[in-house]
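> In the working numbering, the protein residues as written are 112 to 544.
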Amino acid sequence: MKIGLITLGCPKNVVDSEVLKGQLTGKDVAFVSNPEQADAIIINTCAFILPAREEAVDTILEAVELKKNGKLREIFVTGCLPQIYINELKDEIPEVDRFFSEKDFQWIGRQIAASLNIQPGGNGLYRFHETPAHYAYLKISDGCDNRCHYCTIPLIKGKYRSRPSQQILAEAHQLVNQGVKELIIVAQDTTYYGWDIGDRGALKKLIQELAKIDHIRWIRILYAHPAHFDNDLIEVFQTQPKLCRYIDLPIQHISDKILSAMGRKVTERETRALIQRLRSKIPDIAIRTTIMVGYPGENDNDFNLLKEFVTEIEFDRLGIFKFIAEHGTPAENLPDQIDEALKEDRLQELAELQLTISYNKNQQLVGKTLPVIVDQKDQKVDNYLGRSQFDSPLIDNTIHIKGDVYEGEIYDVIINRTDAYDLWGEALSRTKK
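The following block contains the structure:
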């Protein structure tokens, strides 16, 4: 049985797909990357924003065409899209053999195995590793309690549910046994971990336990909400050398008027104070953030405040996206919606501003030596691609490495030139474990 598994969306979906794939792994199963070679296709969808839903539907319809042409026997659809639109999907795309609205991917894997008449090979924790062998995402919770007014996640995923720490640690050990050196902690809100069960120190304790695992070199935190970032976590950054001096801290905006309208539960003053604490207590930390332009009611003054803030703070990494009025969210029908052309203008203005900031920051690294993890061979030229501890996979800077190196290993690399989002350097030596 040849199975194609297509994963759409964020790293949290990657984890779900790896769990699902683990349940289907067995002697009678081969996973293929080309859908045209598959007997069955599983599509793990994203539905966070309209473009993601459109991509999901397009992907399903492409699979339907393969089935109509006799190249495919069965189609299964999981993830966020059927969790909110299962009845509509069943009516509109009856060619799909089964839509799963459930959130338990171990159970879904067993159901698909039964449908395909194959013996499931999973063992309850096993993940079939889809990322490069040396790094993996580690999901510590599901759902979200923040209820930001523009966000569909609580509608799709429900309330925040922290995973038991022992389960997470067992999974981490299993990943390390597969060769993982970098664990990337993900959730809808990583800094809220444990708060739903009354343990506000849970994330600190979890990181301390993860750091005790032999062969883990780097631990990275994504999706940290500024409203839940406490001094205990700052202390872990100060004392735990395995924790990358990098934090993904989405702020979304800086105007108090817009933050309040978004339901963000944090103010400009609190945001500034947190960034100041991070940079004073952890001087070498790289801060990544995301911001949203075009939220209903965002006037020129609000946007100028945001632009001035980005200029002043000089974030190390910055993602920018436009507000989309998502169905079912409080922001969907707000007055003073912003024209799409103006949203795009504001996005481009901030992108150009950040381009200069990023270029200047990277130029300061020329002549310096950084520990760099090698991700893959560059298919275009004779070198390798990697990242420093200040960069997440796929979304941040890439370092082009010359020298005799091996994928998954960490080397000291001297930087000899840069542009805004790429750096070039030469490997000097492998770092000590």
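Glycine is no exception: its CB is placed at the ideal position from the N, C-alpha and C atoms.
#1: So what's D310 in DSSP terms, helix, strand or just coil?
#2: Hey, out of D493, I484, D523, whose CA is closest to A244's CA?
#3: Closer than 7 Å by C-beta to M373: which residues in its own chain qualify, once you throw out the five before and the five after it? Chain order, please.
#4: Give the C-beta separation of G190 and N155 to the nearest angstrom, bearing in mind that I take them to be a contact with Cβ-Cβ under 8 Å.
#5: Is the CB-CB distance between D300 and I332 below 8 Å?
#6: Could you give the residue range of the alpha helix (DSSP H) that holds Q387?
#7: Buried or exposed: which applies to G497, given that a residue is buried once 16 or more other Cβ atoms fall within 10 Å of its Cβ?
#8: For K544, count neighbouring Cβ atoms within 10 angstroms of its own Cβ and tell me buried if that reaches 16, exposed if not.
#9: Given this structure, state the Cα-to-Cα distance separating N412 from D150, to the nearest angstrom.
#10: Would you report the Cα separation of I223 and A167, rounded to the nearest angstrom?
#11: R457 lies in the alpha helix (DSSP H); which residues open and close that run?
#12: Under 8 Å by Cβ, that's how I've got N527 and V477 pegged, so tell me the actual separation to the nearest angstrom.
#13: Comparing alpha-carbon positions, which option in Q230, E437, I525 lies nearest E165?
#14: Kindly list the residues whose CB is nearer than 8 Å to the CB of I558, restricted to its own chain and excluding five residues on each side of it in sequence; keep chain order.
#15: Check whether the Cβ atoms of L177 and P146 sit closer than 8 Å, and answer yes or no.
#16: Between the alpha carbons of E185 and I279, how many angstroms are there, rounded?
#17: Any idea what DSSP makes of N198, helix, strand or coil?
#18: Could you give the DSSP three-state label for L496: helix, strand or coil?
#19: Is it true that the CB of F239 sits closer than 8 Å to the CB of Y357?
#20: Which same chain residues end up closer than 7 Å to R388 when comparing Cβ atoms and leaving out the 5 residues on each side of it in sequence?
#21: Whole angstroms are fine: how far does the CA of T382 sit from the CA of G490?
#22: If you scan the segment 220–298 from start to end, which runs of the alpha helix (DSSP H) of 4 or more residues do you find wholly inside it?
#23: Among all the DSSP beta bridges, which residues are the ones paired with V404?
#24: So, is L116 buried or exposed, given that buried needs 16 or more other C-beta atoms within 10 angstroms?
This is what the structure holds:
#1: Translated into positions along the sequence shown, residue 310 becomes position 199. Assignment of D310 by DSSP, reduced to helix, strand and coil, places it in the coil class.
#2: Numbered from its first residue, the sequence shown carries residue 244 at position 133. The shortest C-alpha separation from A244 is found at I484.
#3: As a position in the sequence shown, residue 373 is number 262, starting the count at 1. Excluding positions up to five away in sequence, the list reads C259, H260, Y261, Q363, H364, Y406.
#4: Working through the sequence shown from its first residue, we reach residue 190 at position 79. Working through the sequence shown from its first residue, we reach residue 155 at position 44. That belief holds up - the Cβ atoms of G190 and N155 are roughly 4 Å apart, short of 8 Å.
#5: Indexing the sequence shown from 1 puts residue 300 at position 189. Indexing the sequence shown from 1 puts residue 332 at position 221. Using a Cβ distance threshold of 8 Å, D300 and I332 do not count as a contacting pair.
#6: Indexing the sequence shown from 1 puts residue 387 at position 276. Per DSSP, Q387 belongs to the alpha helix (DSSP H) from 379–392.
#7: Translated into the one-based positions of the sequence shown, residue 497 becomes position 386. Counting the other CB atoms within 10 Å of its CB gives G497 a total of 16 or more, which places it among the buried residues.
#8: Looking up residue 544 in the sequence shown gives position 433. Because K544 carries a pLDDT of 46, less than 50, the predicted location of this residue cannot be relied on, and the following value inherits that uncertainty. Residue burial annotation: K544 is exposed, with fewer than 16 other C-beta atoms found within 10 angstroms of its C-beta.
#9: As a first step, residue 412 is located in the sequence shown; it is residue number 301 there, counting from the start. As a first step, residue 150 is located in the sequence shown; it is residue number 39 there, counting from the start. One alpha carbon belongs to N412, the other to D150, and they sit about 56 Å apart.
#10: Taking the first residue of the sequence shown as 1, we reach residue 223 at position 112. Taking the first residue of the sequence shown as 1, we reach residue 167 at position 56. So the two alpha carbons sit approximately 19 Å from each other.
#11: Within the sequence shown, residue 457 is the residue found at index 346, counting from 1. Looking at the DSSP string, the run of the alpha helix (DSSP H) that includes R457 is 451–474.
#12: For the purposes of this step, residue 527 is identified with residue 416 of the sequence shown, where counting begins at 1. For the purposes of this step, residue 477 is identified with residue 366 of the sequence shown, where counting begins at 1. Confirmed, about 7 Å.
#13: Reading the sequence shown from its first residue, position 54 is the one you call residue 165. For E165, the closest C-alpha among the options Q230, E437, I525 is that of E437.
#14: No statement about residue 558 is possible, as the shown extent of the chain runs from 112 to 544 and does not include it.
#15: Numbered from its first residue, the sequence shown carries residue 177 at position 66. Numbered from its first residue, the sequence shown carries residue 146 at position 35. L177 is a Cβ neighbour of P146, given a cutoff of 8 Å.
#16: If you number the sequence shown from 1, residue 185 lands on position 74. If you number the sequence shown from 1, residue 279 lands on position 168. Rounded to the nearest angstrom, the two C-alpha atoms are 33 Å apart.
#17: Counting from one through the sequence shown, the residue named residue 198 turns up at place 87. Looking at N198 - three-state DSSP - the assignment turns out to be helix.
#18: Working through the sequence shown from its first residue, we reach residue 496 at position 385. If DSSP states are grouped into helix, strand and coil, L496 belongs with the strands.
#19: As a working mapping, residue 357 is identified with position 246 in the sequence shown. As a working mapping, residue 239 is identified with position 128 in the sequence shown. With contacts defined by Cβ atoms closer than 8 Å, Y357 and F239 do not form a contacting pair.
#20: As a position in the sequence shown, residue 388 is number 277, starting the count at 1. Excluding positions up to five away in sequence, the list reads I345.
#21: Counting from one through the sequence shown, the residue named residue 490 turns up at place 379. Counting from one through the sequence shown, the residue named residue 382 turns up at place 271. According to the sequence displayed, residue 490 carries Gln and not Gly. Note on geometry: alpha-carbon atoms of Q490 and T382 lie some 41 Å from one another.
#22: Runs of the alpha helix (DSSP H) inside the segment 220–298: 264–268, 276–288.
#23: Walking along the sequence shown from the start, residue 404 turns up at place 293. Beta-bridge partners of V404 (DSSP): K433.
#24: Start at 1 with the first residue of the sequence shown, and residue 116 comes out as number 5. Using a 10 angstroms sphere on the CB of L116, the tally of other CB atoms reaches 16 or more, which defines it as buried.
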